[in-house]
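The next block holds one structure in the form of structure tokens; read it before the comments.
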Amino acid sequence: MIKRIYGFNIAVQDLDQAVPKFETLLGVKSRPLQASDFAFPGMKGATLDVNGVSITLITSTDDNSPAGRFLKSKGEGIMLIALESDDVDSDSEKVRSQGLALAAPKTMKGGWGKANWIHPKSLHGVQVEIFFPGGVYKKS
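Per our numbering, the sequence shown starts with residue -3, numbered consecutively.
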């Protein structure tokens, strides 16, 4: 079941410039993320916890990564809205039964958690992630 909005991913060209701006604006320190913290290779970032909502700044180390393609086609901005789910497989099937297209044929899993993505073409240009957090994304 979808529980809440988990957070937002924002694609940025220069992570070193973006992080201090968001830390100052939001009044919280970021936590760095490495390539292994993402479902797809070629990305790195930093996350800021704002009253339980994750604002994750992402940049690309590879033009063919999801962040690289987003930056190339749309420029900087909100790349994804993440919804926390307690059962990604079940929620993905529910989404599919509602006629929405998923970006992955099945749930992806890693140290970062479990996820699938509703294709932006199904939701008016907005990519929505169905996400069960793990690893650095799991809130204690």
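In this text, a Cβ means the ideal position worked out from N, Cα and C, and glycines have one as well. Quick caveat: nothing in here was measured; it's all calculated off a predicted structure.
A direct Cα-to-Cα measurement between A42 and D10 gives close to 12 Å.
By a beta-carbon distance limit of 8 Å, M104 does not contact A97. Their separation comes to about 16 Å. Burial is judged here by how many other beta carbons sit within 10 angstroms of a residue's own beta carbon; V122 has fewer than 16 and is exposed. Excluding sequence positions up to five before and after V132, its CB lies within less than 6 Å of the CB of D33, all in the same chain and listed in chain order. In the DSSP secondary-structure assignment, K105 is bridged to K110. Short of 8 Å from the beta carbon of A35, and not among the five residues preceding or following it, lie these beta carbons of its own chain, in chain order: M104, G106, W108 and A111. Counting along the chain, the unbroken beta strand (DSSP E) around E125 starts and ends at V124 to P129. S86: member of the alpha helix (DSSP H) spanning V84 to S93, first to last residue. The beta carbon of G64 sits closer than 7 Å to those of G38, S56 and D58, all from its chain and outside the five residues before and after it, given in chain order.
The beta carbons of L67 and N5 sit no closer together than 8 Å. For a cut-off of 8 Å, the C-beta gap from G3 to A78 is around 5 Å, short enough to register as a contact. Leaving aside the five residues that flank W113 on each side, the residues in its chain whose CB is nearer than 8 Å to its CB run, in chain order, L76, L98, A99, A100, Q123, V124, E125 and I126.
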